[in-house]
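Peer 1: Below is a structure I'd like to ask you about.
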Amino acid sequence: MLKKIIENTIFIALIIILGISVSPALPFKNIPRTYVVVSGSMEPTIKTGSIVLTKPVNPKEIKVGDIVAFTSPSNSKDVILHRIFGIKSESPLRFSTKGDNNNPPDAWDLMDVGILGKQ
1 MLKKIIENTI
11 FIALIIILGI
21 SVSPALPFKN
31 IPRTYVVVSG
41 SMEPTIKTGS
51 IVLTKPVNPK
61 EIKVGDIVAF
71 TSPSNSKDVI
81 LHRIFGIKSE
91 SPLRFSTKGD
101 NNNPPDAWDL
111 MDVGILGKQ
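Sequential numbering from 1 applies to the sequence shown in UniProt numbering.
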């Protein structure tokens, strides 16, 4: 009896761990997401190694100064967390971004469809 309880507890724990580890890869659009900051581009505002929670956002509600998470233009597997530096056009929406610790703004324009969330 005790052996069965232990087996069931381990099984349930493994299912929970699997669910938590797989959830960031699932295409949910309306739930908050977490990201680990892997570079110093946003220091001192956000430290390297920090865990950041972002919430879904309508791109039309984004303002200059907001911190957003977006898919890297150079590697679709990477997520970048930078500040909105400017709004370049409204139709379609295009933004310029910049890390707080970076001197020049990013070299790319961020399209509204690339935004994953707002801090």
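For glycine and all other residues, C-beta sits at the position ideal for the given N, C-alpha and C.
Flag this pair as touching only if the stretch 99–106 and the stretch 47–60 have three or more C-beta atom pairs under 8 Å; answer yes or no.
Peer 2: no
Peer 1: Restricting to runs no shorter than 3 residues, where is the beta strand (DSSP E) found entirely within the stretch 40–71?
Peer 2: 51–54 and 67–71
Peer 1: For the beta strand (DSSP E) containing VAL38, list its first residue and its last residue.
Peer 2: Neither: VAL38 is in no beta strand (DSSP E) and is coded neither H nor E.
Peer 1: On a Cα-Cα basis, can you pick out the residue from ILE87, ILE17 and THR45 that is closest to GLN119?
Peer 2: Between GLN119 and the set ILE87, ILE17 and THR45, the nearest pair of CA atoms involves THR45.
Peer 1: Going by C-alpha to C-alpha distance, which of HIS82, PRO32, ASP106 and LYS63 sits closest to LEU53?
Peer 2: When HIS82, PRO32, ASP106 and LYS63 are compared, the shortest CA-CA separation from LEU53 is found for PRO32.
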